[in-house]
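Chemist: Position in the sequence shown counted from 1, then plus 15, gives you the working numbering.
A virtual CB, placed ideally from N, CA and C, is assigned to each residue, including glycine.
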Amino acid sequence: MSEKVEKSVYDKLAGTSAVTTIVGTNIFYLNAPQGTALPYITINRVSTDAILTSSGPTTTATTNVTDQVDMFGATYESVKLLADAVRATLFGWTDTGADPSISASLLTGERDELIPPATGTGVPVYQVSQDYSIWFSD
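1) Under 7 angstroms between the Cβ atoms of Ser148 and Thr81?
2) Spatial neighbours of Leu129 within its chain, please: CB distance less than 7 angstroms, with the 5 preceding and 5 following residues excluded, ordered by chain position.
3) Cβ atoms of Asn46 and Gln83: under 7 angstroms apart, would you say?
4) Tell me which same chain residues have a C-beta within less than 7 angstroms of the C-beta of Ala113, skipping the five on either side of it?
5) Determine the direct distance from the alpha carbon of Ile117 to that of Gly137, and round the result to whole angstroms.
6) Taking the CB atoms as reference points, tell me whether Gly88 and Pro132 lie closer together than 7 angstroms.
7) Where does Thr81 sit, in a helix, a strand or coil, going by DSSP?
8) How should Thr40 be labelled, buried or exposed, when 16 other C-beta atoms within 10 angstroms of its C-beta is the threshold for buried?
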């Protein structure tokens, strides 16, 4: 099932020392718990794409999803270093022996954002978002 893909992405990030050296165990689905210390990562599904042919939907077991990986940090430099580590981990990743079998993970977009300070804190949060097209089969 396709929700296994996010678990695979989570496991890949959590099992990569270049990532965990920066965030420790601060990797979450959808959003981080309130009060989570920076830096951290969130993973969410953007879309599940139907595989269509000229004769209609394909009957193969291969599916494509787009997952967004958001990285948050206290400085622009720190979040960019984290983004580099995540990109090195996920871009081009394959794992055909896993369940689900990951045949390709392609970076399709990356953007930087500045989240304005919460009222009274005066501290902005820096964010990098990366979108990955992940091809898999159950």
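Modeler: Once the coordinates are examined:
1) yes
2) Pro139, Tyr141
3) no
4) Ser23
5) 42 angstroms
6) no
7) strand
8) exposed
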